[in-house]
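> In the working numbering, the protein residues as written are 9 to 236.
The following block contains the structure, expressed as structure tokens.
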């Protein structure tokens, strides 16, 4: 068991019908976390009566649902967990991916080797123009398994939450939980906001060699992103 590790995610009602599949995949990891916490906004979900039985049935000693008043969009996957568990490793995951059984193990193994850095299974690299300005997001490079030995790190390497990211306690800059600032600067790009907090704190992003192709995206009819 990864006793110092909390797996955290957020979601919204249009994805509730399939969310139990995601939770099941997190429960059946080869290494069990200390806890799996789903954070929901009371602005979107009035109470447990709005949650389907399939998801409520997942609650046990390992998995729990917590309500928070403010809607933070995708920032909710890390913000409240880092407040609730300030001395724990926080692993962020998405609500529409069935994760392969070794996803968490890959992150925890990396953390044992690089305990003070961010460990990620999926990344993209910001590519720059000759004048050092950033190229458009569509031109950024996804780092594939074949590009990576067991662990690798490059300049401008952004951890992508879709594959699972481990944030050790105190790895982020002091503004990380300043949601008003995050909303002003990076409301729709939580991964980019977190990357900025890593860099400002003088830390690195380490990519594992975990093959994210093992993960299975959940098909959701008329799939939508988290509402603004």
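Beta carbons are placed, not taken as given, at the ideal position from N, Cα and C, and that holds for glycine.
Taking only runs that begin and end inside the segment 30-100, name each unbroken beta strand (DSSP E) of 3 or more residues, in chain order.
The segment 30-100 contains these whole beta strand (DSSP E) runs: 41-49, 71-76 and 97-100.
> Quick check for students: name the residue ranges of the beta strand (DSSP E) that lie wholly in the segment 161-196, counting only runs of 3 or more.
Entirely contained in the segment 161-196, the beta strand (DSSP E) runs reaching 3 residues are, in chain order, 165-167 and 173-175.
> Does the segment 58-70 come close enough to the segment 80-95 that 3 or more CB-CB pairs lie under 8 Å?
Result no; under three Cβ-Cβ pairs closer than 8 Å.
> Tell me, to the nearest whole angstrom, how far the beta carbon of residue 173 is from that of residue 110; I am working on the premise that it is less than 8 Å.
Counting from 1 along the chain shown, the entry for residue 173 is found at position 165. Counting from 1 along the chain shown, the entry for residue 110 is found at position 102. With a Cβ gap of about 15 Å, residue 173 and residue 110 do not count as contacting.
> On the criterion of 16 or more Cβ atoms from any shown chain inside 10 Å, does residue 9 qualify as buried, or is it exposed?
On the chain shown, residue 9 is found 1 positions in, with the first residue counted as 1. That one is exposed.
> Run the CB neighbour count on residue 37, radius 10 Å, all protein chains shown included, and call it buried at 16 or more, exposed below.
Here the question's residue 37 lines up with position 29 in the chain shown. Buried is the call here.
> Take residue 134 and list the residues in its own chain whose beta-carbon comes closer than 7 Å to its own, dropping the five residues that flank it on each side.
Looking up residue 134 in the chain shown gives position 126. Contacts found: 142, 148, 164 and 166.
> Might you give, ordered along the chain, the residues of its own chain that have their beta carbon closer than 6 Å to the beta carbon of residue 125, omitting 5 neighbours on each side?
In the chain shown, the residue the question calls residue 125 occupies position 117. The residues are 211, 212 and 214.
> Which of the three DSSP states, helix, strand or coil, is assigned to residue 113?
Taking the first residue of the chain shown as 1, we reach residue 113 at position 105. If DSSP states are grouped into helix, strand and coil, residue 113 belongs with the helices.
> So, are the CB atoms of residue 119 and residue 176 less than 8 Å apart?
Walking along the chain shown from the start, residue 119 turns up at place 111. Walking along the chain shown from the start, residue 176 turns up at place 168. Contact: yes.
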